[in-house]
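Once you know that position 195 of the sequence shown is 342 in the working numbering, the rest is easy, because the numbers rise by one and skip nothing. Glycine residues also receive a C-beta, built at the ideal position from the N, C-alpha and C atoms. Keep in mind it's a predicted model, so treat the numbers as computed, not measured.
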Amino acid sequence: MDLESRITAHFASHIEATSSAASALTGAIADAAQRLVESLVHGGKVLCCGTEGGAALAEYFTALMVHRFERERLGLPALTLGTSSTVLTAIADDPGFEQVFSRQINALGQPGDVLLLFAPGRIDASLLLAHEAAAERQMWVIALTGGRPGALSGPPREHDIGIAVPADNPARVMESQLLVLHCLCDLIDAQLLGS
């Protein structure tokens, strides 16, 4: 296959994944945006974390919350977990890397806050423990994953929201998650600032 054909194949795969995600995820995205706004207007904050490329999405979402998306507004309280090298290495050394997010959730999370998880690839122990810690802290969880819903530990709690991109290729999942992230930011602004 020549290079241009490979490029065309990537675009075609992206279009297919995005189209599938649009038809499957609109309800969950709307629910997630409402949940985020509900938390924010009641004094809550958003704690974000992710693995692999999801870590970059978590940081980007935090930046859009603290700064702005497309319209001027005051910053909104959001924090990305796992970005401090000192905290990261301290936790990784003892008790272990799998607790890198859960320890921070236990320290910073409050009832009514939202944990926003990004996992374009596999869901590892650090995300499973983050989900459990958020549940123990009575936080809401919104999980952006690939594949099927329910990929986190046990059955989802009634108020958890899963946004599972219906694709198996991690690159297509991450591309769709970026679009979901932009949708969430737009819907948050629309609810807080008006259309």
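Problem set entry | Ala164 versus Thr233: straight-line alpha-carbon distance, rounded | 38 Å
Exercise. Would Thr198 pass as a contact of Ala266 if the rule is Cβ separation under 7 Å?
Worked result: yes
For this session: Express the C-alpha separation of Thr227 and Arg205 in angstroms, rounding to a whole number.
Result: First, the amino acid is wrong: residue 205 is Ala here, not Arg. Straight-line Cα distance between these residues: approximately 6 Å.
Problem set entry | Reduced DSSP category for Phe265 - H, G, I as helix; E, B as strand; rest coil | strand
Problem set entry | Nearest neighbour of Gln251, chosen from Asp260, Gly229, Ala272, Pro258 [CA to CA] | Gly229
Problem set entry | Those residues which DSSP pairs with Val312 across a bridge | Gly293
For this session: Please name the residue in Leu262, Pro242, Asn253, Ser231 whose C-alpha comes closest to that of Leu187.
Result: Leu262
Exercise. At what residues does the alpha helix (DSSP H) containing Gly197 begin and finish?
Worked result: Careful: Gly197 lies outside any alpha helix (DSSP H), inside the beta strand (DSSP E) at 193-197.
Problem set entry | 6 Å Cβ shell around Gln285 - same chain, five flanking residues per side excluded | Pro258
For this session: State the start and end residues of the unbroken beta strand (DSSP E) segment that holds Leu226.
Result: 225-227
Exercise. Is it buried or exposed for Thr155, if we count other Cβ within 10 angstroms and need 16 for buried?
Worked result: exposed
Exercise. Is Val247 helix, strand or coil when you go by DSSP?
Worked result: coil
Problem set entry | 8 Å contact criterion, which Glu217 and Asp333 should meet: CB distance rounded | 7 Å
For this session: Would you list the residues sitting across from Val288 in a DSSP beta bridge?
Result: Leu262
Problem set entry | Distance, Ile335 Cα to Gly341 Cα | 9 Å
Exercise. Cβ atoms of Val184 and Gln324: under 7 Å apart, would you say?
Worked result: no
For this session: Count the other C-beta atoms from every protein chain shown that fall within 10 angstroms of the C-beta of Ile162, then say buried if there are 16 or more, exposed otherwise.
Result: exposed
Exercise. In this structure, does DSSP put Gly301 in helix, strand or coil?
Worked result: A caution first: Gly301 carries a pLDDT of 49, below 50, which makes its placement in the model too unreliable to give a value.
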